[in-house]
Every structure is written in structure tokens, then in C-alpha cells.
Amino acid sequence: MDGKKVAWTRPIFDTLEPVWNDTFFFKNVRLGAMCKLKLFDKDMDEDDPLGEAQFPISNTSGNQATYQLPITQEGNNQGTITVKMTSATDDDAEDDAVLQQYGPVRYSVHSSLTTGLMTGYVSNEDNLESLAYQVQLQNVPQFLPTDHEWNKSYETIQRIFSPDYPEAPILRAAIMAQHVMVYKHNSYTVYGAMKSPVDFFKLVHDGRRQDKQVLFTYVITKSGWYFSETGAEFFKDMMSKHMMHCGAAFSVLFAGEFRIDMDEFGEPKLIIDNDSGTYAPPKEDLPALKALFESNFPGLVVEAVDRDAEGQQDSRKQILDSWLE
Numbered sequence: 001m002d003g004k005k006v007a008w009t010r011p012i013f014d015t016l017e018p019v020w021n022d023t024f025f026f027k028n029v030r031l032g033a034m035c036k037l038k039l040f041d042k043d044m045d046e047d048d049p050l051g052e053a054q055f056p057i058s059n060t061s062g063n064q065a066t067y068q069l070p071i072t073q074e075g076n077n078q079g080t081i082t083v084k085m086t087s088a089t090d091d092d093a094e095d096d097a098v099l100q101q102y103g104p105v106r107y108s109v110h111s112s113l114t115t116g117l118m119t120g121y122v123s124n125e126d127n128l129e130s131l132a133y134q135v136q137l138q139n140v141p142q143f144l145p146t147d148h149e150w151n152k153s154y155e156t157i158q159r160i161f162s163p164d165y166p167e168a169p170i171l172r173a174a175i176m177a178q179h180v181m182v183y184k185h186n187s188y189t190v191y192g193a194m195k196s197p198v199d200f201f202k203l204v205h206d207g208r209r210q211d212k213q214v215l216f217t218y219v220i221t222k223s224g225w226y227f228s229e230t231g232a233e234f235f236k237d238m239m240s241k242h243m244m245h246c247g248a249a250f251s252v253l254f255a256g257e258f259r260i261d262m263d264e265f266g267e268p269k270l271i272i273d274n275d276s277g278t279y280a281p282p283k284e285d286l287p288a289l290k291a292l293f294e295s296n297f298p299g300l301v302v303e304a305v306d307r308d309a310e311g312q313q314d315s316r317k318q319i320l321d322s323w324l325e
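Mind the numbering: the sequence shown is residues 1 to 325 in the UniProt record's numbering, read in order.
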């Protein structure tokens with residue numbers, strides 16, 4: 001929208017006539033803004049462009065308008081796509097209001113059982129542990145506008161990112177391949193949308209498996225919120241779980257760990273931190289991180305805490321040690 005990537009659909013497999021039926025909601029959209037649709041062929045390594053379509057935003061006065069748009073690539077007609085739009089003007093909107101997406105938060109769940117098979121570690125009880133999640137958090141740049149580069153003082157990962165190490169490109173390529181394998185889209189990928197905090201807690205099973213609390217490792221990039229259980233066996237030989245989740249990116253918007261605790265009323269709450277040696281986001285950005293999640297999941301009880309806060313490392317150790325018993 002006006003040159004900004006704001007949303008994307010799930011892939012549709014094994015057809016030349018895909019039907020998405022996805023609905024996206026935006027506010028503070030400028031009349032006349034150009035909405036551009038880009039179509040790709042989903043591949044394991046890099047998506048191949050199939051063409052583009054576009055249309056200007058107009059006022060439909062609350063009625064639904066239907067567009068049959070030509071898809072073109074390098075001047076060639078690649079087909080058509082049907083788009084329906086409903087819009088209305090808001091007399092109370094401010095002139096400098098920022099374009100925002102709202103509504104259900106989309107996600108995909110990817111099974112990494114194939115990764116477990118490669119290491120010889122998979123069983124019927126590992127289904128939850130083997131899952132990796134990608135959540136399309138909305139309006140992320142408005143809350144987290146700053147990229148946090150890899151931690152130059154972290155010696156372990158210097159050989160991944162630093163040009164002083166000749167093996168760095170090879171190691172990064174290996175981590176990128178791991179990311180692609182873990183987050184690949186196929187017929188087993190589960191897609192959905194969350195409308196409330198209840199939906200989020202249901203997605204992560206209230207942060208528990210086998211009646212034990214689990215810890216999650218996450219990164220937030222411009223492409224979304226990526227996370228999985230911290231203790232997944234087939235991630236333990238990786239130099240940095242955070243690097244795997246972001247595909248060895250030189251920078252991320254945020255990174256750390258999170259868990260689900262219960263509040264004094266027995267209701268679940270999100271405890272999220274900045275515990276990432278790889279990217280080390282500053283504690284000063286934690287209020288913005290908290291605001292991001294409160295915006296995406298209205299009503300969510302969330303605490304954004306510094307990795308060095310009192311009791312934080314003890315809680316982390318207690319969770320991880322419980323899985324060694």
C-alpha cells in the first residue's frame with residue numbers, strides 16, 4: 001500500500017487457479033493510494049515472481065466494489081485476479097493519521113518433524129515440541145522502528161557474521177537452509193487467524209506440554225514473529241536459535257524468550273523478554289514491545305521484562321531444568 005508491504009496471504013498448492021478468500025482490514029488509508037498486489041510461486045529457497053496487479057483506493061461509501069485486475073509481468077499478461085473492496089470516509093480522521101492494519105492476526109504453524117528425523121530424534125510425544133510458528137504481527141514498524149544488529153561483543157557468533165572469518169558465508173548459508181527447512185510451507189502447514197488473547201494462548205497450548213511449562217525462543221522481523229520451544233532437541237546443536245528463526249539475518253527488530261505464566265486470578269499472561277545474546281535488544285525498547293502485543297491482541301495481559309531483571313534467570317532455569325528430570 002503506497003509502497004509499503006502491509007499483508008500477505010497463505011500459499012495455495014497444486015493449482016493454477018488459486019482462491020484465497022482472505023480479508024484484510026485497514027484504517028487511515030489515503031484516498032487515491034495505490035494498492036499493489038504481487039504474486040509469487042512459493043519455492044523452498046526463493047519465491048519466483050509471477051506478476052503484479054494494482055488499483056487505486058477510492059471511496060465506495062460502504063458498498064462493495066469488485067475489480068477484475070490484469071496480472072502483468074514485464075509487460076506480458078499473466079492472467080487476472082478478482083479483488084473486492086469496501087471503503088468509507090471517516091470525518092473524524094486526522095490528516096496525518098498513519099496507515100494501520102487491524103483485525104485478526106494471521107499465523108502459520110510448521111512441523112519440524114522432518115528435522116527431527118534427520119537427527120534421529122522424534123517420537124509421538126514430540127509433536128508440540130517440533131512446531132515452529134510464524135505470526136503476522138500488525139503495524140510492527142510503528143512500534144519497533146529500529147533494527148538491532150548482531151551483537152559485535154558476542155565472540156561465539158563473530159565467526160557467523162564477521163568478515164574476519166572466511167567460513168562465515170558458509171555457516172550463514174547453513175543456518176539459512178535450516179530456517180527454510182523449519183519454516184517451509186507444505187500441505188501439512190496449519191494456517192489460521194487469532195481474534196483475541198484466548199486464541200493466542202490456545203495456539204501455544206497455554207505454554208505447557210506434558211503438564212510442564214515450556215520456554216519459547218523468538219525473533220521479530222519485518223516478516224513477522226518467529227518462535228518455537230527453546231528446548232527442542234533438534235535445535236540444541238545450533239550456535240544460535242535466534243539466528244535460525246531469522247535465517248541468519250544481520251539485524252532483527254527484536255529477539256528474546258517468552259513464557260506463559262498465570263496471574264493471581266489463574267488466567268494466562270505473556271511474559272516476554274530481550275534475552276538474546278545474538279542480537280541483545282536494549283531494555284529501553286521493552287515498553288514498545290509491550291505496546292506492540294497489546295495492540296495486536298487487545299486485552300492481553302503482557303509483561304515485557306529485562307533479561308537481567310530480578311528472578312528472570314531463575315525462572316528460566318527452573319523451566320529448562322524441569323525437562324531434565
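By construction, the Cβ of each residue, glycine as well, lies at the ideal position given by its N, Cα and C atoms.
{"query": "Straight-line gap, Asp43 to Tyr183 (C-alpha atoms, nearest Å)", "result": "12 Å"}
{"query": "For Ser111, three-class secondary structure by DSSP", "result": "strand"}
{"query": "Through-space distance from Met85 to Trp150, alpha-carbon basis", "result": "41 Å"}
{"query": "Whole runs of the alpha helix (DSSP H) within the region 128–163, excluding any shorter than 4 residues", "result": "140–143, 155–161"}
{"query": "Assumed close pair Ser228, Gly256 - CB separation to whole angstroms, cut-off 8 Å", "result": "The Cβ separation is near 13 Å, so there is no contact."}
{"query": "Sequence-distant residues of the same chain with beta carbon closer than 7 Å to Asn28, five excluded per side", "result": "Ala93, Ala97, Val98, Leu99, Gln100"}
{"query": "Neighbour-count burial assignment, Lys317, 16 or more Cβ in a 10 Å radius", "result": "exposed"}
{"query": "Cα-Cα separation, Glu325 to Glu310", "result": "25 Å"}
{"query": "DSSP state of Pro56 mapped onto helix, strand, coil", "result": "strand"}
{"query": "Option nearest His110 by Cα separation, candidates Ser153, Arg172, Tyr188", "result": "Tyr188"}
{"query": "Straight-line Cα distance separating Asp164 from Asp261", "result": "43 Å"}
{"query": "Nearest-angstrom Cβ-Cβ length linking Leu50 and Leu39, presumed shorter than 8 Å", "result": "4 Å"}
{"query": "Length of the line joining the Cα atoms of Lys241 and Asp2", "result": "35 Å"}
{"query": "Under 8 Å between C-beta atoms of His185 and Leu253", "result": "no"}
{"query": "For Gly266 and Leu16, the rounded distance between their alpha carbons", "result": "49 Å"}
{"query": "Meets three-Cβ-pair contact criterion under 8 Å: the region 137–148 and the region 158–177", "result": "no"}
{"query": "Supposed close pair Tyr107, Leu203 - CB separation, criterion 8 Å", "result": "7 Å"}
{"query": "Distance between beta carbons of Asn77 and Pro70, contact taken as under 8 Å", "result": "6 Å"}
{"query": "For Lys38, the three-state DSSP class (helix, strand or coil)", "result": "strand"}
{"query": "7 Å Cβ shell around Ala291 - same chain, five flanking residues per side excluded", "result": "Phe143"}
{"query": "Beta-carbon proximity check, Tyr102 vs Gln134, cutoff 8 Å", "result": "no"}
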